[in-house]
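Report on the structure given below.
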Amino acid sequence: MAESEFFAGLDIGGTTVKTVLVDHRGEVAGDMIEVRSHVKDGFEATFGQLESALDRLTSAIGISRSQVRGIGMDVPAPSCDGVIWGKANLHENWVGTNIRDKFSARIGGTPVYMTNDGNAAALGEYAVRRKHHGGLLLVAPGTGLGGGLVLPGGRAYEGSNGLALEVGHISSPHREDDGTLPTCSCGKDGCLEAWVSLVALRRRIGIELARPENESHPLNDGSPVEEKAFKLRDFAQQGDEMAIGIFRQQGQILGYGLADLVRVFDPGLVVIGGGLAETVGFRDDYMDWIKQGFAERAWPMYMKSPIDPAKTTTRFEWAIGGDSSAALGVAFSAREMFRS
Ligand SMILES: [Zn+2]
């Protein structure tokens, strides 16, 4: 492998665009460059941003653009073979366009690998665990519930059409007190994401605050539910019972759902991403609740080897990749695919 080879990771999000370079060994070269995302203005605007980021990344470490031998790119929408299938938060001209090939042509034919943001985040967690060579399943509770699966060896499993690992939309049997299944942001009822996401938190806060015993709860202050959801984590960290109850339920339902995913994929390592990964103290409780839910649904062999009880069969860890995780993940994949 040539020492003069570099690979770029371009993480195109709805809010920001993050870009990194890695060298031939996979070490990060220079600093991450982050700019506000212009995806709503059409893909050409984003292409301009990506090109200027590439110029800044390369000149910051004193290399030429031609030394970037491959590019990894991730997009916040379902895509297949370089073509975006769903609009999500993007301008409509992204849909149906072969973004991968168009961008590759624009930058002089440098090969581009493109995937979705969930896969990229999972690849990033794999990339930062340099000693881990097994599988890795990532679930990331955020506005929704994203996820991705990396196979042993380091490739993301994307399915036949790039539509795999929509972990937020597997069925969850949990019902509200009135017996109904909650409606998901995708329009279906009973998705896991309808319990494990920011959207779910907002719904649960409304339900809990309407109970007579919570009438005098400090969050019953007439503030918008978005604000209440934002404060809920602080309340939980301070030991507030209602807040803890909401997060406990969320963690347990996530664990219950993970038991099914682990039964299908047996990844060995489950990484929990999303905003809670950055909370101190409280996140240990949250992880315990995930494991409780998991233990309720998974067979014992998915926790410990029946032959050697000292051997854990499914480990749980918090995400450690941070902000640049997805960009790093696709940069690593580009290195795997396009190095000489
Ligand atoms: Zn759904």
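Residue numbers for the sequence shown follow my numbering, beginning at -13 and rising by one. Idealized CB from N, CA, C, for every residue including glycine.
Spatial neighbours of residue i within its chain, please: CB distance less than 6 Å, with the 5 preceding and 5 following residues excluded, ordered by chain position.
i     : result
V3    : V21, S23 and Q35
F(-7) : V8, G56, A317, A320 and R321
F324  : R55, G56 and P97
R42   : I19
T327  : Absent from the model: residue 327. The displayed extent of the chain is -13 to 326, so no value can be given.
F221  : A229
W275  : R234, G237 and Q238
A46   : G16
F268  : A222 and Q223
R190  : I232
T44   : R51
K217  : none
S171  : V185
Among residues of its own chain, excluding the 5 on either side of residue i, which ones have a beta-carbon nearer than 7 Å to its beta-carbon?
i    : result
G68  : N84, I85, R86, D87 and M100
K290 : K297, T298 and T299
E144 : T101, N105 and A150
N79  : G28 and F29
I49  : F(-8)
H10  : M(-13), A(-12), E(-11), E(-9) and R325
For residue i, which of the options has the nearest alpha-carbon?
i     : options                    : result
E(-9) : D(-3), R51, G28 and L218   : R51
N102  : R92, V185 and A63          : A63
R188  : R249, P210, K290 and C177  : P210
Y242  : V98, V182 and N105         : V182
L76   : V54, T32, H119 and D41     : T32
G332  : G58, G72, V54 and G120     : Only positions -13 to 326 of the chain appear in the structure, and residue 332 is not among them; the question remains open.
G(-1) : K26, E(-11), E212 and D226 : K26
G261  : A126, R249, S171 and I239  : A126
G237  : E212, D270 and D226        : D270
P59   : A15, G72, L109 and G82     : Per the sequence shown, the amino acid found at residue 59 is Met instead of Pro. If we check each option's Cα against that of M59, L109 comes out closest.
G72   : F89, R234, N147 and P168   : N147
A215  : I193, E201 and P198        : I193
P138  : Q235, E213, Y272 and F251  : F251
A312  : G132, F268 and A(-12)      : G132
L244  : L205, G231, E264 and E179  : E179
D226  : E213, G208, H203 and D207  : H203
S65   : V14, I258 and E152         : E152
A186  : E212, D164 and G208        : E212
F89   : E37, V81 and S171          : E37
Could you pull out every residue in the same chain whose Cβ sits closer than 8 Å to the Cβ of residue i, ignoring the five residues on either side in sequence?
i    : result
A39  : L(-4), V3, T5, I19 and V21
R249 : A284, W285 and Y288
N206 : L195 and N200
M273 : G237, I258, F302 and W304
T1   : R22 and S23
D164 : none
I70  : V61, A63, P64, L76, W80, V81, G82, T83 and I85
K277 : G241 and F302
P292 : P286
P198 : none
R92  : F33 and E37
Given a cut-off of 9 Å, decide if residue j and residue i are closer than it, judged by their beta-carbon atoms.
i    : j    : result
G120 : L247 : no
V136 : E111 : yes
P253 : L123 : yes
L167 : G173 : no
T169 : R219 : no
S326 : A74  : no
G279 : L240 : yes
A107 : G140 : no
Examine ligand 3 and report whether any of its heavy atoms sits within less than 8 Å of the Cβ of residue i.
i    : result
G133 : Among the ligands present in this structure, namely ligand 1, ligand 3 is not found.
- Task: Enumerate, from N- to C-terminal direction, the unbroken alpha helix (DSSP H) stretches of 4 or more residues contained entirely within the stretch 147 to 174.
- Result: none
- Is there contact here, the stretch 305 to 316 with the stretch 107 to 125, by at least three beta-carbon pairs under 8 Å? yes
- Take every Cβ of the stretch 153 to 160, pair it with every Cβ of the stretch 279 to 292, and state whether three or more of those distances are shorter than 8 Å. no
- Query: For the stretch 74 to 141, which segments carrying the alpha helix (DSSP H) assignment without a break, of at least 4 residues, lie completely within its bounds, in sequence order?
  - Reply: 85 to 92 and 103 to 114
- List in chain order: all unbroken alpha helix (DSSP H) runs of 4+ residues lying wholly within the stretch 197 to 240. 211 to 223
- If you scan the stretch 268 to 319 from start to end, which runs of the beta strand (DSSP E) of 3 or more residues do you find wholly inside it? 301 to 304
- Ranges of the beta strand (DSSP E) found wholly within the stretch -5 to 79, counting only runs of at least 3: 2 to 9, 19 to 22 and 54 to 61
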